[in-house]
Structure formats: C-alpha cells, structure tokens
Amino acid sequence: MNTAQPAVIDIRDLHTSYGAAEVHKGVSLAVQPGEIFALVGGSGCGKSTLLRAIIMLLRPQSGSIRVFGQETIGLGDEQALPLRRRWGVMFERGALFSSLTVAENVGMVLHEHTQLSPHLIEEVAAVKIALTGLPADAGAKYPSELSGGMRKRAALARAIALDPELLFLDEPTAGLDPLSASGIDELVRSLRDALGLTIMMVTHDLDLLWRAADRVGVLDGGHILGTGTMDELAQMEHPVIREYFYGPRGRAAREQAWKKK
Amino acid sequence: MAVEQARQSPASIEVTPGTAAVHCTGAWTVRGIARLERQLSSIPWPTAAELALDGSAISALDTSGAWLLHRTIRMLEQQGRSVVLRELRPEFDALLKLITARAAALEPVVPPESGLLASVGHWAWDGMHGIYDMLAFTGESATVLFRSLLHPGRIRWRPILHNLQTAGFEALPITGLLSFLMGIVIAYQGADQLQRFGANIFIADLVGLSMLRELAPLLTAIIVAGRSGSAYAAQIGTMKVTEEIDALRTIGVGTHELLVLPKMIALIIALPLLTVYCDVTGVLGGMLMARSKLDVSFDVFLNRLGDAIHLSSFMTGIAKAPVFAAIIALVGCFQGLRVGGSADSVGRRTTVSVVQSIFLVIVADALFSVVFNWLKI
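Chain order of the listed sequences is X and E.
So in numbering that gives the first Met the number 0, spot 36 of the first sequence is number 35, and the numbers just go up one at a time.
So in numbering that gives the first Met the number 0, spot 176 of the second sequence is number 175, and the numbers just go up one at a time.
Here it is, written out as structure tokens:
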C-alpha cells in the first residue's frame, strides 16, 4: 500500500476479565501485513480469549484493538460488517453448520456476500475445498460424516471462502494426526504465499510453530512475555519461555526443524 | 488491500475487433468478477484459432478470480483453440498455477438421484425401522424398570427428584391456569343449554364429569408433552450430538438407567398428581362460572358434585395419567436418542416427539374409553 506499512492488527494495553478473573492485564501486540503470527502459551492463559476479542466476539474491559487501522472496540454489528468481510476465522472445533453439506457451508458465505451466480459459487466452493486438500467428494458430505481432520480442512475452506486478507486460525492442528498436521503447515504457508494473506493463529503445536510461523508471541499471566522469531524466542531467558522451548517436546521439535534447514 | 481493491475497476475482458488480441483488465477478485461472469457468455471471442490473452492489466487476482480465468481459458481450449496467457504478474501466475494444479483433481460429483419408487421404499423402510426401534426401546425400558424395581438400591433418586421438580412442580402454574380456564369454558358453554331446561343444578354434573373423566388428564398430558417431552428429546438429542451418550456408554453407565428411567419414574409420579390438581382447578373454574351465570352457589354446587360424581369417575381419570406419563417419557427419550449428528436433527426430533406423544396420548385415551365402556365403569 505505502512504504511504511501499518500493522494489520495493533493491540495496545488490553484488559479483559471474566467476572473477577482478569485474563489480560495489559496486552500489547502488533501483527504485520503478510506475516504468519502465532500466539502461544499454556492452557487457560487467555489465547483464545484474545482471539475472540480481536474478532469482536467478546468485549474487553479497556484498551485498544485496531484491525486494518480501525478501532474495533465498541463497533456495532452494522459498522463491523465491512471489517468482518475482510477476515476469515477458523474455529478450533470447526463450527461448521451441521445442517449444510461442506460445499454449502463454503458456498453460503459466497451467497451472502457476493453477486456471483449459483453455478460459479458451486465451482469456487469446490476450488476452495480442493485447495485445503480435501477429496472432491467431500463437498457433498455433511460435517457429521467427516473425520476430525477433514472437518478442520472444511472449516479452513469456509474461512478462506471470501479470499480474506486476514485469517484467524484457532488451534489449526489440534486433534490431527501428524501427517494431516504437517499438511496444514504447508497449507498455511502456501496460502500465505499464494494469496498474500496475513495469518494469526493460536496454537500449541511446536512443529507448526517451527515450520510455519514467522513470528511468535508468548502469552502468560495476562502479559505478552516476548515476541520474535522462533530462534529469537529460543534465546530468551524467561523461565516460562525456556520451559516451553526446552521441555522435552520443545527440544524434539527444534531438532526436527534444524534438520530440515 | 480491500480499500485498494474497491477503488479498482471490476474485472473485464476486452476484445479488439478484427484481431486475435484479448485484454484482461481490472480486479479479478471475488467482489470484482460478478459482472464479468454474467457477461462471459456474450463476449465476441475472435474467430482465430490462436488466442493471445494479455494479462498485464489484471490489477488483482484471488482464488475466485483465478478460477474464473482458468475456466475461461479451459472453455476456449475446449472449442479447439490454443490459448496463451501473457504478461501476467509473477505472483498472479503462481496463484493461477496453484489453482490449475488443484483443479485437475476436481471432478464434478453428481449426487445419486433417487427416483420416486426409491423414495417411497426408503420412507417405508425407515417407518418400519422406526416402529421396530420404538418397540425395542419400550421393551428395554420395561426390562430396566423391572430390574431396578428388583434392586431398588440401583434407582437414581436424585435425577428423579430433579425431574419431579422440573416436570411436576414447575408445571403447576400453567396446567392449573389452563384447566381453570377450561372449567370456565365448559360451564359457560353448558350454562345456556341447561338454563333453557331449568336444569341449572346439572352444571355440577357437566363440569365434574367432563373434567375428572376426560379433560383434566388429557389436558395435563398434552401440556406436559409439550413442556417436558420436548425437553427430554432436546436434552438427550444434544447429548447425542456432543457425544455425551457415547461417553456414558464407554464409562459403562447405561443410558436407560441414567437418562430414561428417572424421567419415566418421575413423570409417572408427577402426572397423576398434576391431574388431581387440574381436577380441582377445573372444577373451581366451573364453580365460579356456575355462580355468576346460573346462580348456583358454591354450597349447592359442591353438594351436587358429591352426589353426581362417583369415586370410579375420579379414578378412571387418574388411572390414565401414569399411562400417558409413560408414553410421553418414552417417546421423548426415544426421539432424543434417534438424533443423528446435526443441530437440524435435534429440532426435527423434538418436533416429532411432541407430535407423536400427543397423538399417542389421544389414541390411548380413546382405547381407555372403549375399555371402560366394556367394563361398564
């Protein structure tokens, strides 16, 4: 757009709480255009809550969240619509509409937001389904007939239906077998490379972090402990980060990544 | 990027007449290709066998646009022309290659269409299966019930009490109100006729018999079917969708013992009690109406009620209630367990449970009438 590209997501001093429990105590974070940013942290540290706050499913107590330069906190549904059309969200458990087939799930988004003919919508939906690596006959199936991994891919197909500029992935590889999970790594990267997407994902998957993430933010105790590339984070001294990266699984994943390089 | 796209002109294909040059311009994106797609069939393609598509003026391309471009090229090639796409930006070219590669695997899947005969067959088969499953379910419920009665220690009292509260106690206001109104309506309708014959006092017979024998049990059962039967179906159905039923099975807890039996026992206890309560409120409504329309005082009404209504009339009404209760609980739980993985199916099964249980309650009521008639009760 211009030389100094503004951050796609810019979070400043965010405070969120559920009742008395304070989840975020001043989170600040910026995601740059075209990068794959991963948010990591222990279970229950508020990663998914942060994601829900960014996509306006949850209203934080205070702070600022700017997406594409626009403040989202306090935005009404009507005003949020143009913004919502520019991003796609893949939920952790898929959240596919169970009464629609996979192709209809993808096509529904296109029906709602574009003027394309039903025939082209069918074809585009089939392309998206193929892009996520699902077999062609998966489109005619209902979500309940799919395996967990296929459901994830179908959810991804729906998330990219409108060719969003920003993609949110909540635990894209959770519950997948290693083969499918590494398929997702490549998929995430190839989508970013082909479509110039900005991707923000929440994940536990260390392999995915090493192989797909450009930058990683570590969330713990309501704060961002650090952001940086995986190599930079691995150098940091913070005990939680060290625990994360030098635990047995972290070490294995890192060695794996080094071998690849 | 989207602001940028919005400013760009929509995608279009420009053909210079008389040459084989075709220019693709504009934003080939999901929002930009809608108009082009509608015009695509009327584009005057050059007749030349070799076409050169100039892609240098394509300002944006996304997967939808790439698909349309791919499809257009493929269409031209199928008409026997050779097509060259030139000067596409490298990043767009990469995307188009990706789509082309993936599209190779795309084969149109035609869902098998079933004819009328097949549909009728399926419908009949499903119906047969439904009846068979319902019978099996009823049988299993009965066995579990008897087993529990033999070992009362295994009965789960807590859910029973909970169900007694939700299906029984919490239904008191609505059932009471409706039966009170029903009493008023019957007395009001009867008052005119009885007054014409000077038979005012028989209002007690009319209200008492109709409420106690028929209306109170039926009305209560219908309300409870709508209130609790549907709740059972929706609850068990949702548990089915979230795989909680499967979890119970793997833990080794019988779904019948945990989910069906407590509901059935609770309803079998609650429905007769609710019926008695509705008898009272219904007669009360009739009594009020009798006083205001027919000048029959409460004293006189109650005296007449005692003479007109035998214990057997009261008992026939109450005796039906447990049967209705069993029907409602069984149908609700059965339909809940028949839910197959989708939210849609929860809704459908809940509807079916209410319709079916009300239907079966009325059928059972008719059978009771016939039987009582034989027995001359």
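Virtual Cβ for every residue (Gly too), placed ideally from N, Cα, C.
Stretch pair the segment 15-34 of chain X + the segment 220-229 of chain X: three plus CB contacts closer than 8 angstroms = The segment 15-34 of chain X, when compared against the segment 220-229 of chain X, does touch it at the 8 angstroms Cβ threshold.
- Item | Residue-level contact to chain E via CB, Gln114(X), 8 angstroms cutoff | It does: the Cβ of Gln114(X) has a partner Cβ on chain E nearer than 8 angstroms.
Closest Cβ-Cβ distance between Glu77(X) and chain E: below 8 angstroms?
Chain E contact via Cβ: absent.
inquiry  = Counting only Cβ pairs nearer than 7 angstroms, list the residues of chain E close to Ala193(X).
reply    = Taking a Cβ-Cβ threshold of 7 angstroms, the residues of chain E close to Ala193(X) are Ala93, Leu94, Leu97, in chain order.
Beta-carbon contacts of Thr99(E) that lie in its chain and below 6 angstroms, excluding the five residues immediately before and after: Taken in chain order, the residues that qualify are His69.
Exercise for the section: Using the DSSP secondary-structure output, state which residues sit across from Cys23(E) in a beta bridge. Expected result: The partner list for Cys23(E) (beta bridge, DSSP) reads Ile12(E).
Could you name the residues of chain X that Arg101(E) contacts, counting a contact when the two beta carbons are closer than 8 angstroms? Proximity of chain X to Arg101(E) at the Cβ level (cut-off 8 angstroms) is accounted for by Val126, Ala129, Leu130, in chain order.
(message) List, in chain order, every chain E residue whose beta-carbon is nearer than 7 angstroms to that of Val123(X).
(response) Against chain E, a Cβ distance below 7 angstroms from Val123(X) picks out Ser63, Trp66.
Outcome for Gly31(E) when other beta-carbon atoms lying within 10 angstroms are tallied against a minimum of 16:
Counting other Cβ atoms within 10 Å of its Cβ, Gly31(E) reaches 16 or more and is therefore classed as buried.
**Asked** Smallest Cα separation from Met107(X): which of Ser146(X), Phe67(X), Arg157(X), Gly138(X)?
**Response** In terms of CA proximity to Met107(X), Arg157(X) leads the group Ser146(X), Phe67(X), Arg157(X), Gly138(X).
Item to complete: For the segment 147-159 of chain E and the segment 203-223 of chain E, state whether three or more C-beta atom pairs, one from each stretch, are separated by less than 8 angstroms.
Response: No, they do not touch.
Discussion item. Please list, in chain order, the chain X residues whose beta carbon lies closer than 7 angstroms to that of Arg30(E).
Written reply: Neighbours of Arg30(E) in chain X, taken as residues at a C-beta separation under 7 angstroms, are given in chain order as Thr113.
Note down, in chain order, each residue of its chain lying with its Cβ closer than 7 angstroms to the Cβ of Gly40(X), except the 5 sequence neighbours on either side.
Lys46, Val217, Leu218, Asp219, listed in sequence order.
Less than 8 angstroms between the beta carbons of Phe323(E) and Ala265(E), yes or no? Taking 8 angstroms as the cut-off, the Cβ atoms of Phe323(E) and Ala265(E) do not count as close.
Can you tell me whether DSSP reads Arg323(E) as helix, strand or coil? The residue asked about is misnamed: residue 323(E) is Phe in this sequence, not Arg. Correct three-state label for Phe323(E): helix.
Quiz item: Under a three-way DSSP split, which group does Thr172(X) fall into?
Solution: Coil at Thr172(X), not helix or strand.
> Taking only beta-carbon atoms, is Asn1(X) less than 8 angstroms away from chain E?
Replying inline: Since pLDDT at Asn1(X) reaches only 41, below the 50 mark, its modelled position is unreliable, and no value is offered.
**Q.** Exposure label - Gly75(X); buried when at least 16 CB within 10 Å
**A.** Burial check for Gly75(X): the Cβ neighbour count within 10 Å stays below 16, so the residue is exposed.
Cutoff 8 angstroms; reference Ala19(E); Cβ partners in own chain excluding five residues on either side
Closer than 8 angstroms at the Cβ level, and outside the excluded window around Ala19(E), lie Pro45, Ala47, Glu49, Leu50, Ala51.
* For His237(X), does the count of other Cβ atoms within 10 angstroms reach 16, so buried, or fall short, so exposed? -> By the neighbour-count rule (16 or more Cβ atoms within 10 Å), His237(X) is not buried but exposed.
In the segment 35-48 of chain E, which residues sit with their C-beta less than 8 angstroms from some C-beta in chain X, listed in chain order? Per Cβ criterion, the list reads Glu36, Arg37.
Whole beta strand (DSSP E) elements within the segment 65-135 of chain E, 3-residue minimum: If we require 3 residues or more, the beta strand (DSSP E) runs fully inside the segment 65-135 of chain E come out as 81-85.
Margin query: I want to see whether chain X comes within less than 8 angstroms of Ala342(E), judged by CB atoms only; does it?
Written below: Answer yes: the Cβ-Cβ gap between Ala342(E) and chain X drops below 8 angstroms somewhere.
Original post:
What are the complete beta strand (DSSP E) segments, minimum 3 residues, inside the segment 279-332 of chain E?
Top reply: Qualifying beta strand (DSSP E) stretches: none in this window.
Segment contact flag, the segment 247-260 of chain E with the segment 207-220 of chain E, C-beta cutoff 8 angstroms, min 3 pairs: Contact fails: fewer than three Cβ-Cβ distances are below 8 angstroms.
Report task. Starting from the C-beta of Gly340(E), find all residues in its chain whose C-beta is less than 7 angstroms away, skip the five residues before and the five after it, and write them out in chain order. Result -> Shown here for Gly340(E): same chain residues with a beta carbon closer than 7 angstroms to its own, the five before and five after excluded, namely Val240 in chain order.
By the three-class DSSP mapping on this structure, what secondary structure does Val88(X) have? The answer is strand: DSSP assigns Val88(X) an E or B state.
- prompt: Are the segment 57-69 of chain X and the segment 111-123 of chain X touching, with three or more C-beta to C-beta distances below 8 angstroms?
  reply: Contact check between the segment 57-69 of chain X and the segment 111-123 of chain X: fewer than three CB pairs, one atom from each, fall below 8 angstroms, which does not count as touching.
Could you round the C-beta distance between Val351(E) and Ile221(E) to whole angstroms and report it? I think they count as a contact, below 8 angstroms. Rounded, the Cβ-Cβ distance is 16 angstroms, inconsistent with contact.
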